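Okay, structure first, notes after.
In the numbering used here, the protein residues as written are 13 to 195.
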């Protein structure tokens, strides 16, 4: 949803630091997730929001309190209507602090960058490993030090190191944890 909001900001030529204006634009559009597709006003933007530039923009706008307030409201409204598995850097601490299961996923930065590089290459996009590394380190630092909801471990969260795990293995582990915790 943050990536969709970043796309809205870019499409509306809004400076990424203008959090009040971005929050206003978010309120004037519909952002939804249906069958794993991200929609803005019923337009499927799933592919558009996976670019490096939109990811970087999402990281910048997510540091703004007005944008975060809108996103938390949207995410909670969505979860009220649907069974939800949510992923994101503050899902367990801010958005869903009472979730039945909170998994704090970590991985070596080089592995995360390699995964992102492969994802971009598989879509035929330009992918510069060093640029992705710099972007990831900047995002990590920004998320840890932002004034509103800095990245931290949620109380009761299970730490899962995904460095050596495939996506399938990660999914299996989360399902195992869910069955163990929730039944």
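For each residue, glycine too, the CB sits at the ideal point set by N, CA and C. Remember, predicted model here, so these are calculated numbers, not experimental data.
Pairwise C-alpha distance: residue j and residue i
i, j, result
"residue 107", "residue 96", "12 Å"
"residue 16", "residue 120", "27 Å"
"residue 134", "residue 146", "21 Å"
"residue 31", "residue 58", "23 Å"
"residue 77", "residue 34", "11 Å"
"residue 166", "residue 103", "9 Å"
"residue 148", "residue 130", "15 Å"
"residue 54", "residue 186", "30 Å"
"residue 176", "residue 62", "23 Å"
"residue 115", "residue 172", "7 Å"
"residue 42", "residue 68", "22 Å"
"residue 179", "residue 23", "32 Å"
"residue 128", "residue 84", "26 Å"
"residue 190", "residue 51", "28 Å"
"residue 181", "residue 174", "9 Å"
"residue 264", "residue 70", "With the chain represented from 13 up to 195, any question about residue 264 goes unanswered, as that position is not in the structure."
"residue 47", "residue 192", "26 Å"
"residue 170", "residue 60", "32 Å"
"residue 99", "residue 136", "25 Å"
"residue 184", "residue 56", "28 Å"
"residue 105", "residue 21", "26 Å"
Cβ separation of residue i and residue j, assumed to be a contact under 8 Å, to the nearest whole Å
i, j, result
"residue 28", "residue 72", "4 Å"
"residue 74", "residue 14", "5 Å"
Pair within 8 Å by beta-carbon distance, residue i and residue j
i, j, result
"residue 101", "residue 19", "no"
"residue 132", "residue 122", "no"
"residue 194", "residue 86", "no"
"residue 80", "residue 160", "yes"
"residue 144", "residue 125", "yes"
"residue 82", "residue 39", "yes"
"residue 37", "residue 45", "no"
Identified DSSP bridge partners for residue i
i, result
"residue 171", "116"
"residue 140", "According to DSSP, residue 140 bridges with nothing at all."
"residue 49", "46"
"residue 99", "Answer is none; residue 99 lacks a bridge partner."
"residue 56", "51"
Contact the segment 148-164 vs the segment 86-96: 3+ CB pairs below 8 Å: no
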